[in-house]
Amino acid sequence: RVSAVHLCKMIRRAVFGVMRHRQLEKSYKFTNASNIIKISASKLQLLKRDEPTYDISRISRYYSTTNEPSKLSELPEEFDRRALMELEVDLLRQEGHTVPSVLTDTQWDDLSALPSRSRRRKFLRFLALNEFKRENAKKKKEERSLRFKAQQEQLEAEKEEEKKNKDPNEIYMEYGLGKNTLYFRIYDTAINHFRHGRLMDAMLWGQSLIIDMDFNEHMNVREQQNTGDQIQELFGDNRRHKSPFDLQLYNMSKDSVPYQRLLRMIPVLEKPSFPLTIMEHNYLHDFPKEQLVYLTPDAREEMIKFDHNATYIIGGIVDRSDSEPLTLAKAKREGLRVQKLPLDRYLHWGMGGKSLTLNQIINILLDIKESGNWEYALRHVPKRKVKNEEEKIQAILRREQKIMKLRNPNKKFYQSKGRFKGIIEKD
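Going by UniProt numbering, the letters in the sequence shown line up with residues 1 to 427, in that order.
Dropping the structure here:
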């Protein structure tokens, strides 16, 4: 069943969007609704697929109503959401919205999981901007390769010119770029083998660090993807350090979004020789409770001194909009000791929040494990979160002004450029 009225509105809106971009005459009008249905027949085949019994009127009402998150869930269960998303992207492209030219299967699944049309439009715009960035980066890379090729040709020409000017009977050593050298070239594969060897030593003799991945149900798809990205970054930071941790991921299902995201960025993740431990069960099966210390920003006890015999746990969760103490609650349920980083003791926080990314936390732990100096280890905290010297002075002056107001309620204080200029008596 097809609702011609709603379908006409939908197609007319799409066609007028094309007319607007092609600068066609505004007086162009459709007078026959059957022509519109014929034009959109190819698009409707996407919706029908192998099931020609779909109620297309419900789909047309979905596009003609307001943007409510529950509308997508009201469609029939057997309805092909991928086909609906393809039609929606096609209509947005015809209306002039910023959408990517090609979407992968994973991106189609992420798009179908979003509940509202406004969020899907934002997601499509995000993908399109990333596509533009990749195209620009590809062009710049091609330009760099052309410049490098020209430089290589110039060097080869200079070498040939030098060979012609040399005496063939004279034998001597000449050092320089592309000539003789005292050092061997170190390839990237050799560096990777060296760093993987250090991780292997850490797995045998080093200190373990656990990432608890049991918080996927408290995050949306985008936050889970960010978690996978941060795990990839912290793995790289840990691998580059001269004294790395034995990194272990627990409560991580292979069907979860962070694991699939990590697998896409590290294709060799599932190889037995890859130096990363991933477990689907809980860490309590492998470690005694007395050895575990859960690091959470909601704890009362501060980590004053790094314990080299303890096994620290970091919650695998990104910075969320709400401030629920999820990691603290989980540690209390499991009866584990909790601590927090001494951020307030060594830093003066500004307007930003005190939550840190996973790679920032592991960099702090790596430095404090090696040096024992918190001021040096906390250099990984972003500068935007910390007050500078001027902000510290302003905070001290505001506190002094507040104290003086409490002591002298009948006087008015005014401040200019960080200094008190005077006191005015109130009338």
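For every residue, glycine included, the Cβ atom is placed at its ideal position computed from N, Cα and C.
ask   = Can you list, in chain order, the stretches of the beta strand (DSSP E) that have 3 or more residues and sit fully within the region 226-294?
value = 246-250
inquiry  = Within 10 Å of its beta-carbon, does Asn192 have 16 or more other beta-carbons around it, so buried, or fewer, so exposed?
reply    = exposed
message = Am I right that Gln260 and Leu295 are in contact with their C-beta atoms under 8 angstroms? What's the rounded C-beta distance?
response = Wrong, their Cβ atoms sit about 26 angstroms apart, outside the cutoff.
Straight-line Cα distance separating Gln230 from Lys133 = Using only the alpha carbons, I get a separation of about 21 angstroms.
message = Tell me whether the region 211-227 and the region 325-333 touch, counting them as touching only if at least three CB pairs, one residue from each stretch, are closer than 8 angstroms.
response = yes
message = As a quick exercise: from Leu209, Lys139 and Asn136, pick the residue whose alpha carbon is nearest that of Lys292.
response = Here residue 292 is Leu; the residue named in the question, Lys, does not match the sequence. That would be Leu209, whose Cα lies nearest to the Cα of Leu292.
query = Going by beta carbon distance, what residues of the same chain come within less than 7 angstroms of Pro342, once the five residues before and after it are set aside?
reply = Cβ neighbours of Pro342 beyond the five flanking positions: Glu302, Met303, Ile304 and Trp374.
query = Val381: which of Asn363, Glu156, Ala202 and Met252 sits nearest, CA to CA?
reply = Asn363
task = Leaving aside the five residues before and after Val268 along the sequence, list all residues of the same chain whose C-beta is less than 8 angstroms from its C-beta, in chain order.
result = Phe274
task = Go ahead and pull the three-state DSSP assignment for Gly197.
result = helix
key: Gln360 to Glu158 span [Cα, whole Å]   = 48 angstroms
ask   = Identify the residues that DSSP records as bridge partners of Lys340: which are they?
value = Glu302
Inter-residue CB distance, Asn282 and Asn238 (contact presumed, cutoff 8 angstroms) = Their Cβ separation, rounded to whole angstroms, is 22 angstroms, which puts Asn282 and Asn238 out of contact at 8 angstroms.
ask   = Which one of Gly372, Arg399 and His348 has the shortest CA to CA distance from Val386?
value = His348
key: Where Leu365 falls, given that 16 or more other Cβ within 10 Å makes a residue buried   = buried
inquiry  = Taking the straight line between their C-alpha atoms, what separation do you get for Glu142 and Glu135?
reply    = If I take the Cα positions, the gap works out to 11 angstroms.
inquiry  = I'd like to know whether the C-beta atoms of Leu124 and Val102 end up nearer to each other than 8 angstroms.
reply    = no
inquiry  = Using the Cβ count rule (16 or more neighbours within 10 Å means buried), how would you classify Lys330?
reply    = buried
request  = Quick one: residues in its chain with C-beta nearer than 6 angstroms to the C-beta of Met279, no 5 flanking neighbours on either side, listed in chain order?
outcome  = Tyr250
ask   = Start and end of the beta strand (DSSP E) containing Tyr312?
value = Thr311 to Gly315
ask   = What separation, rounded to the nearest whole angstrom, lies between the Cα atoms of Ile266 and Lys166?
value = 51 angstroms
request  = Within the region 102-178, note down every full alpha helix (DSSP H) run reaching 4 residues or more, in order along the chain.
outcome  = Here the runs fully enclosed are 105-113 and 117-165.
inquiry  = Going by C-alpha to C-alpha distance, which of Phe287, Ser355, Thr277 and Lys289 sits closest to Gly315?
reply    = Ser355
query = Do Lys369 and Phe306 come within 8 angstroms of each other at the CB atom, strictly closer than that value?
reply = yes
ask   = Buried or exposed: Pro258, going by 16 or more other Cβ atoms within 10 Å of its Cβ?
value = Classification for Pro258: buried.
task = Would you give the residue range spanned by the alpha helix (DSSP H) that Asp367 belongs to?
result = Leu358 to Ser371
query = Anyone know if the C-beta pair for Lys402 and Leu336 falls short of 8 angstroms?
reply = No, they are not a contact pair.
query = Once you ignore the five residues that flank Asp105 on each side, which residues in its own chain have a CB closer than 7 angstroms to its CB?
reply = none
query = Tell me, which residues are paired with Asp212 by DSSP?
reply = Tyr250 and Gly315
message = Suppose the cutoff is 6 angstroms on Cβ atoms and the five residues either side in sequence are ignored; what does the same chain contact list for Leu358 look like?
response = Gln230 and Leu234
message = Please report the distance separating the alpha-carbon of Pro297 from that of Asp344.
response = 11 angstroms
ask   = Terminal residues of the continuous alpha helix (DSSP H) containing Tyr187?
value = Unbroken run through Tyr187: none, as it is neither H nor E.
request  = Measure the beta-carbon distance from Ser112 to Arg82 and round it to whole angstroms, keeping in mind my assumption that it falls under 8 angstroms.
outcome  = 7 angstroms
request  = Determine, using beta carbons only, whether Gly225 and Leu262 come nearer to each other than 8 angstroms.
outcome  = Note that residue 225 is Gln in the sequence shown, not Gly. At least 8 angstroms separates the beta-carbon of Gln225 from that of Leu262.
task = For Leu367, count neighbouring C-beta atoms within 10 Å of its own C-beta (all shown protein chains included) and say buried if the count is 16 or more, exposed if not.
result = Looking at the sequence itself, residue 367 is Asp, so the reference to Leu does not match. Buried, because 16 or more other Cβ atoms sit within 10 Å of the Cβ of Asp367.
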